[in-house]
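A.B. asks: I have a structure I would like to understand better, so I am pasting it below and will then ask my questions one at a time.
Protein chains: 2
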Amino acid sequence: MSQDWQQLNTAIIKLLKEARQRVLTKMQDPLTVAEKSNRKDLVTNVDRANEKFLIAGIREIDPTAQVLGEEGFGDELTSLDGRVWIVDPIDGTMNFVKQQDNFAIMIGIYQDGVGQLGYIYDVMNDVLYHGGPQLGGVWADDRQLAAPADIALADGLIGASGPLVIHDVAHMQEIIHVSSGMRVLGSAGIEMINIMNGKTLGYISHLKPWDIAAGQVLLNELGVQVSTIDGKPLDMLSSNLVLVATKKAQRDILRIEEDDVSL
Amino acid sequence: MSQDWQQLNTAIIKLLKEARQRVLTKMQDPLTVAEKSNRKDLVTNVDRANEKFLIAGIREIDPTAQVLGEEGFGDELTSLDGRVWIVDPIDGTMNFVKQQDNFAIMIGIYQDGVGQLGYIYDVMNDVLYHGGPQLGGVWADDRQLAAPADIALADGLIGASGPLVIHDVAHMQEIIHVSSGMRVLGSAGIEMINIMNGKTLGYISHLKPWDIAAGQVLLNELGVQVSTIDGKPLDMLSSNLVLVATKKAQRDILRIEEDDVSL
């Protein structure tokens, strides 16, 4: 690992710990909640304030980088050239509003489109998952994580987004039927943590770049596959129907997709 | 609270703490897993050993009581007369096997069919939820819980069992649509804990007596409603399609059920 990336990592961890403290402080006061595209797509004053805080910090750390933020306080990205920071200030905003738990702060750093560093901060449990190729591993705070076992779809639980299950998008119901069962947690970041810890073998959801940027870096580093539901690389400038899975489960799921001649 | 019930409570807490230690010790060794009715209905050596241990302890504490245990080491119950202990040695066995997390040990105590004391032990977080009318409240270890806010279905998240959602039993999909969203955790006990903590407003699942015995006592004590999906009292000698919900959300859900003329 180069000295530069090590310094970057140290600066990011410091920034994220400050961000967490600010979020916890703001949670003492009533939230201001607004709807974005619909009544289940929320944004709060804390999402917005935290994105502003993080992006200001990132500008200091890495002044020439591009920054893509969920709430729109970053740059208008048209390419992934150079260094790009992708920021989700509060992932799982519905959980944040309704549970004050089970949400994450996430940052992914890409260089010319290739993931380099990822950060998923489980705020309420105060565990910061971080790593990537530039660190040569993934850590939960100071504890290095082993790669999750490469289990088949039939041998594990799979995370899912509720709407995909209900509307049976991309054979979700058959995939769940073959698996040991589904779990629905309401936060892509918390789902990624479950996969890193081997508690689920994968996750399927329609995701924006900030929902998956950090997770893709961390999970790839642990040998877990991240692709579109039909096995292609993600477009990190757009939405994707994302399939995260162990190698074996990815194969099992792609076979279910291919068996559908209508695709 | 009578002296008798207080002594009973002290003895049960001691028994459950011993049971937890034994479960943690057994988790160091490989599990023996067997299928019951199908490949998603599991039992392990730990479920069986823990039920035997708990029932032996209960026989010492309360020799004349009847005991109903999930794995069949208790009595064959034909009535709820007298004192009845209902035991789930490992609730969320699939989570126990696949995650080594998110499972519970549960005991409910009924007198002539009326819930008196309930215990849900979140084993991995080491938090014992206990209470009921004989204790005059509900506690998470030593911390007394406030009643969850009585929110409407539209204002909160609802726990669900995966199969009910996929097969759209009892208008599950409409109920979820009206709510803020569904969560699926894979353990009735962990779902009950979420409701006690106000993180979800309810839970709908097909449950056996041992899945709901403790939860019914604890949640009723906190003002949360427990009924069948059509609003009737549970039959604690049989399976029920169970609706657990805040008062307002129960009303909203029963209205959705009643709007279906085919019922």
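Those protein sequence lines, which keep their order, are chains A and B. Per the numbering used here, residue 1 is the first one in the first sequence, and the count goes up by one each step. Per the numbering used here, residue 1001 is the first one in the second sequence, and the count goes up by one each step. Using N, Cα and C, we set each Cβ at its ideal position, and we do this for glycine too.
Mind checking the stretch 163-183 of chain A against chain B and listing, in chain order, the residues whose C-beta falls within less than 7 Å of any C-beta there?
C.D. replies: Hits within the stretch, in order: Val165, Ile166, Gln173, Ile176, Ser180, Gly181, Met182 and Arg183.
A.B. asks: What are the start and end residues of the beta strand (DSSP E) that includes threonine 44 (chain A)?
C.D. replies: Translated into the one-based positions of the first sequence, residue 44 (chain A) becomes position 44. 42-44 is the extent of the beta strand (DSSP E) around threonine 44 (chain A).
A.B. asks: Is the beta carbon of leucine 153 (chain A) sitting closer than 9 Å to the one on valine 169 (chain A)?
C.D. replies: Position 153 of the first sequence, counting from 1, holds the residue named residue 153 (chain A). Position 169 of the first sequence, counting from 1, holds the residue named residue 169 (chain A). No, they are not a contact pair.
A.B. asks: Please report the distance separating the alpha-carbon of leucine 42 (chain A) from that of leucine 164 (chain A).
C.D. replies: Locating residue 42 (chain A) in the first sequence gives position 42, where the first residue counts as 1. Locating residue 164 (chain A) in the first sequence gives position 164, where the first residue counts as 1. Using only the alpha carbons, I get a separation of about 19 Å.
A.B. asks: How is the beta strand (DSSP E) around alanine 140 (chain A) delimited, first residue to last?
C.D. replies: Along the first sequence, read from residue 1 onward, the residue named residue 140 (chain A) stands at position 140. Its beta strand (DSSP E) spans residues 137-140.
A.B. asks: With H, G and I counted as helix, E and B as strand and the rest as coil, what does DSSP make of arginine 143 (chain A)?
C.D. replies: Translated into positions along the first sequence, residue 143 (chain A) becomes position 143. Arginine 143 (chain A) falls in the strand class under three-state DSSP.
A.B. asks: Could you tell me the boundaries of the alpha helix (DSSP H) in which asparagine 95 (chain A) lies?
C.D. replies: For this step, residue 95 (chain A) is matched to residue 95 along the first sequence. From DSSP, the alpha helix (DSSP H) with asparagine 95 (chain A) extends over 93-99.
A.B. asks: From alanine 146 (chain A) to leucine 222 (chain A), what distance separates their C-alpha atoms?
C.D. replies: The residue you call residue 146 (chain A) lines up with position 146 of the first sequence. The residue you call residue 222 (chain A) lines up with position 222 of the first sequence. Cα to Cα, alanine 146 (chain A) sits roughly 7 Å from leucine 222 (chain A).
A.B. asks: Output needed in chain order: residues of the stretch 1095-1115 of chain B with a Cβ under 7 Å from some Cβ in chain A.
C.D. replies: The residues in question are Lys1098, Gln1099 and Asp1101.
A.B. asks: Do we get a CB-CB distance below 9 Å when we pair threonine 246 (chain A) with the residues of chain B?
C.D. replies: In the first sequence, the residue the question calls residue 246 (chain A) occupies position 246. For threonine 246 (chain A), the answer is no, since every Cβ of chain B falls outside 9 Å of its Cβ.
A.B. asks: Give me the DSSP bridge partner(s) of glutamine 1111 (chain B).
C.D. replies: Numbered from its first residue, the second sequence carries residue 1111 (chain B) at position 111. Note: glutamine 1111 (chain B) sits in a beta bridge opposite B:Arg1083 and B:Val1114.
A.B. asks: Any beta carbon of chain A sitting closer than 9 Å to that of lysine 1040 (chain B)?
C.D. replies: Looking up residue 1040 (chain B) in the second sequence gives position 40. So yes, lysine 1040 (chain B) belongs to the interface.
A.B. asks: Got a sec, what are the start and stop residues for the beta strand (DSSP E) methionine 182 (chain A) sits in?
C.D. replies: The sequence position of residue 182 (chain A) within the first sequence is 182, counting from 1. Per DSSP, methionine 182 (chain A) belongs to the beta strand (DSSP E) from 181-183.
A.B. asks: Closer than 7 Å by C-beta to alanine 1149 (chain B): which residues in its own chain qualify, once you throw out the five before and the five after it? Chain order, please.
C.D. replies: Within the second sequence, residue 1149 (chain B) is the residue found at index 149, counting from 1. Here the set comprises Gly1198.
A.B. asks: In its own chain, which residues sit with a C-beta less than 8 Å from the C-beta of serine 1187 (chain B), not counting the 5 before and 5 after it?
C.D. replies: Sequence index remark: in the second sequence, residue 1187 (chain B) carries index 187 (1-based). Contacts found: Asp1091, Gly1092, Asn1095, Asn1102, Phe1103 and Ala1104.
A.B. asks: Alpha carbon to alpha carbon, what distance is there between valine 1242 (chain B) and leucine 1016 (chain B)?
C.D. replies: Numbered from its first residue, the second sequence carries residue 1016 (chain B) at position 16. Numbered from its first residue, the second sequence carries residue 1242 (chain B) at position 242. About 26 Å.
A.B. asks: Helix, strand or coil for leucine 254 (chain A) per DSSP?
C.D. replies: One-based indexing of the first sequence puts residue 254 (chain A) at position 254. It is helical.
A.B. asks: Might you give, ordered along the chain, the residues of its own chain that have their beta carbon closer than 8 Å to the beta carbon of isoleucine 151 (chain A), omitting 5 neighbours on each side?
C.D. replies: Sequence index remark: in the first sequence, residue 151 (chain A) carries index 151 (1-based). Contacts found: Leu201, Thr246, Lys248 and Ala249.
A.B. asks: Which residues does DSSP pair with asparagine 1240 (chain B) in a beta bridge?
C.D. replies: Reading the second sequence from its first residue, position 240 is the one you call residue 1240 (chain B). According to DSSP, asparagine 1240 (chain B) bridges with B:Leu1207.
A.B. asks: Please identify the residue among A:Asp4, A:Ala65, A:Gly69 and A:Leu54 whose C-alpha is closest to the C-alpha of alanine 213 (chain A).
C.D. replies: Against the first sequence, residue 213 (chain A) aligns to sequence position 213. If we check each option's Cα against that of alanine 213 (chain A), A:Gly69 comes out closest.
A.B. asks: So, under 8 Å CB-CB, arginine 1083 (chain B) and glutamine 1111 (chain B) are touching, yes? Tell me the CB distance rounded to an integer number of Å.
C.D. replies: Within the second sequence, numbered from 1, the residue matching residue 1083 (chain B) stands at position 83. Within the second sequence, numbered from 1, the residue matching residue 1111 (chain B) stands at position 111. Between glutamine 1111 (chain B) and arginine 1083 (chain B) the Cβ distance is about 5 Å, and since that is below 8 Å, they are a contact.
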